[in-house]
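Here the sequence shown is numbered in my numbering, starting from -4 and rising by one per residue.
Okay, structure first, notes after.
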Amino acid sequence: MARHAGAATEVRINFRCTASMCDLSIQDDGTPIASGDPRPAGATPSSGLASIRDRVRRLQGTAVIGPRPDRGFEIRLSIPRSTIEQLTTDSSGNA
């Protein structure tokens, strides 16, 4: 976070799973980057915030990434719990 949060003095990380969804929220109070695609010119899709969006979409989830209304930056990810459980089962071989 220190590398990307600018002048942030506080970072909040929240993770919550319900019966149907798992949500991750990361917020800071630093200087936000501009809206839109934060990828630098010439960067590949495998880098940075664009990669997070792509990976979450592949998991049937949603990603909201951008400046906060007051100050700072926020990343909010929601992924269906069933998708996460399937990945865990596939990688461990256990149910």
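Quick reminder that beta carbons are idealized off the backbone N, C-alpha and C, glycines included.
All values reported here derive from a predicted model rather than from experimental measurement.
When DSSP labels each residue in this structure, what does Q22 get in the three-state scheme? Position 27 of the sequence shown holds residue 22. Residue state, collapsed to three classes: strand.
For the alpha helix (DSSP H) containing I52, name the first residue and the last one. Within the sequence shown, residue 52 is the residue found at index 57, counting from 1. Note that residue 52 is Arg in the sequence shown here, rather than Ile. 43 to 53 is the extent of the alpha helix (DSSP H) around R52.
Quick check on the burial criterion: 16 or more other C-beta atoms within 10 angstroms. Buried or exposed for F10? Position 15 of the sequence shown, counted from the start, is the residue given in the question as residue 10. So F10 counts as exposed.
Verify whether the separation of the beta carbon atoms of S20 and R71 is less than 7 Å. Indexing the sequence shown from 1 puts residue 20 at position 25. Indexing the sequence shown from 1 puts residue 71 at position 76. Yes, these two residues count as a Cβ contact at 7 Å.
I'd like to check one pair, G61 with S73: are the Cβ atoms closer than 7 Å? For the purposes of this step, residue 73 is identified with residue 78 of the sequence shown, where counting begins at 1. For the purposes of this step, residue 61 is identified with residue 66 of the sequence shown, where counting begins at 1. In this structure, G61 does not lie closer than 7 Å to S73 by Cβ.
Any idea what DSSP makes of E69, helix, strand or coil? In the sequence shown, residue 69 corresponds to position 74, counting from 1. Residue state, collapsed to three classes: strand.
With H, G and I counted as helix, E and B as strand and the rest as coil, what does DSSP make of R11? As a position in the sequence shown, residue 11 is number 16, starting the count at 1. Correct three-state label for R11: strand.
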